[in-house]
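**Q** If you read the sequences in order, they're chains Y and E.
Per the working numbering, residue 1 is the first one in the first sequence, and the count goes up by one each step.
Per the working numbering, residue 115 is the first one in the second sequence, and the count goes up by one each step.
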Amino acid sequence: AQSVTQLGSHVSVSEGALVLLRCNYSSSVPPYLFWYVQYPNQGLQLLLKYTTGATLVKGINGFEAEFKKSETSFHLTKPSAHMSDAAEYFCAVRITGGGNKLTFGTGTQLKVEL
Amino acid sequence: GAVVSQHPSRVICKSGTSVKIECRSLDFQATTMFWYRQFPKQSLMLMATSNEGSKATYEQGVEKDKFLINHASLTLSTLTVTSAHPEDSSFYICSARDGERGGLNEQFFGPGTRLTVL
Chain Y
1 AQSVTQLGSH VSVSEGALVL LRCNYSSSVP PYLFWYVQYP NQGLQLLLKY TTGATLVKGI
61 NGFEAEFKKS ETSFHLTKPS AHMSDAAEYF CAVRITGGGN KLTFGTGTQL KVEL
Chain E
115 GAVVSQHPSR VICKSGTSVK IECRSLDFQA TTMFWYRQFP KQSLMLMATS NEGSKATYEQ
175 GVEKDKFLIN HASLTLSTLT VTSAHPEDSS FYICSARDGE RGGLNEQFFG PGTRLTVL
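Listed below in structure tokens is the structure:
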């Protein structure tokens, strides 16, 4: 079975600083990987996804993530944090042939300070 | 495109009553819908997968008689929490899969329903 580990339940950065949210996955077959953002009392919004092909994936709001098979990682980055980036971020994995089921990590709360 | 709505956004009910939550795909046909539960400060846990016109598939540990799911049309799925108790208080989120879009068949998430059982 697949699983997702997000290191750091809380990350705090200064506005303008680099954002790095870590995600490691476990899967016996090639995975599809996702990052979602959730604002308070709202559903999830897809930031970006990796399926096949280019390992560096660019998403919305200036975020990007790199799939590293050797490290089983899919870390999310943004060069310069903005106050509006403060939210909960979830990494998720879906295995091919897995019936479209998503397995989510425990989430990382991003705080952006002035 | 690919908008999913949920109704109600918030509901407060008394213990022992039943509550119905609706999930609608507004601009696409959803062959499959998923229901998740999220406790405060925690991740989403898949409760069940709902396919239009057939019985839902529940995840291990989820009581199907307590959480009734109906997917009667390609744009509507409902979750009914029967005989609700305070421990059922949670944030319930649905997602819908667009069966007509090729490739990944991405899930689109609704805004969630906050259930509070007194």
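Cβ atoms here follow ideal geometry from the backbone N, Cα and C, with glycine treated the same way.
1) Per DSSP, which one or two residues make a beta bridge with serine 3 of chain Y?
2) Please confirm if the stretch 104-112 of chain Y is in contact with the stretch 123-133 of chain E, defined as three or more CB-CB distances below 8 Å between the two stretches.
3) Can you name, in chain order, every residue of its own chain whose Cβ lies under 6 Å from the Cβ of glycine 16 of chain Y, other than the five neighbours on each side?
4) Taking three-plus beta-carbon pairs below 8 Å as touching, is the stretch 61-78 of chain Y in contact with the stretch 169-182 of chain E?
5) Considering only their Cβ atoms, is the gap separating glycine 43 of chain Y from phenylalanine 142 of chain E smaller than 7 Å?
6) Using a beta-carbon distance below 7 Å, is glycine 107 of chain Y in contact with chain E?
7) Going by beta carbon distance, what residues of the same chain come within less than 6 Å of leucine 7 of chain Y, once the five residues before and after it are set aside?
8) Would you kindly report the start and end of the unbroken beta strand (DSSP E) that includes alanine 87 of chain Y?
9) Considering only C-alpha positions, which residue in the set E:Leu188, E:Ile207, E:Asp212, E:Tyr172 is nearest to proline 154 of chain E?
10) For aspartate 202 of chain E, which residues from the same chain have a beta carbon less than 7 Å from its beta carbon, with the 5 sequence-adjacent residues on both sides left out?
11) Taking only beta carbons into account, state which residues of the stretch 37-48 of chain Y come closer than 8 Å to chain E, listed in chain order.
12) Using CA atoms only, rank isn't needed, just tell me which of E:His121, E:Ser132, E:Gln156, E:Tyr150 is closest to serine 139 of chain E.
13) Taking the straight line between their C-alpha atoms, what separation do you get for proline 225 of chain E and leucine 48 of chain Y?
14) Could you tell me whether any non-hydrogen atom of the ligand MG is closer than 6 Å to the CB of cysteine 208 of chain E?
15) Alpha carbons only, please: which of E:Glu166, E:Ile183, E:Gly130, E:Glu136 is nearest the one belonging to serine 197 of chain E?
16) For glutamate 199 of chain E, which residues from the same chain have a beta carbon less than 7 Å from its beta carbon, with the 5 sequence-adjacent residues on both sides left out?
17) Does leucine 158 of chain E get closer than 7 Å to chain Y when you measure Cβ to Cβ?
**A** Here's the rundown:
1) Position 3 of the first sequence, counted from the start, is the residue given in the question as residue 3 of chain Y. Answer by DSSP bridge pairing, in chain order: Y:Ser26.
2) no
3) Stepping through the first sequence from its first residue, residue 16 of chain Y is reached at position 16. So the qualifying residues of the chain are Ser80.
4) no
5) Counting from 1 along the second sequence, the entry for residue 142 of chain E is found at position 28. Counting from 1 along the first sequence, the entry for residue 43 of chain Y is found at position 43. For phenylalanine 142 of chain E and glycine 43 of chain Y, no; Cβs fall outside 7 Å.
6) Within the first sequence, the letter at position 107 stands for residue 107 of chain Y. Closer than 7 Å to some Cβ of chain E, the Cβ of glycine 107 of chain Y qualifies, so yes.
7) As a working note, residue 7 of chain Y is residue 7 in the first sequence. Cβ within range, chain order: Arg22.
8) By 1-based counting over the first sequence, the position of residue 87 of chain Y is 87. Residues 87-95.
9) Taking the first residue of the second sequence as 1, we reach residue 154 of chain E at position 40. Taking only the C-alpha atoms, the option nearest proline 154 of chain E is E:Ile207.
10) Indexing the second sequence from 1 puts residue 202 of chain E at position 88. Only Val195, Leu229, Val231 meet the Cβ criterion.
11) Asn41, Gln42, Gly43, Leu44, Gln45, Leu46
12) Against the second sequence, residue 139 of chain E aligns to sequence position 25. Serine 139 of chain E has its Cα closest to that of E:His121, out of E:His121, E:Ser132, E:Gln156, E:Tyr150.
13) Against the second sequence, residue 225 of chain E aligns to sequence position 111. Against the first sequence, residue 48 of chain Y aligns to sequence position 48. Looking at the two C-alpha atoms, the distance is approximately 18 Å.
14) Questions concerning the ligand MG fall outside what the structure shown contains, since it holds no ligand whatsoever.
15) Residue numbering aside, residue 197 of chain E sits at position 83 when the second sequence is read from its first letter. Ranking the options by Cα distance to serine 197 of chain E, first place goes to E:Gly130.
16) Position 85 of the second sequence, counting from 1, holds the residue named residue 199 of chain E. Sequence inspection shows histidine at residue 199 of chain E; the glutamate mentioned does not correspond to that position. Around histidine 199 of chain E: Ser129, Val231.
17) Mapped onto the second sequence, residue 158 of chain E falls at position 44. Interface residue, yes.
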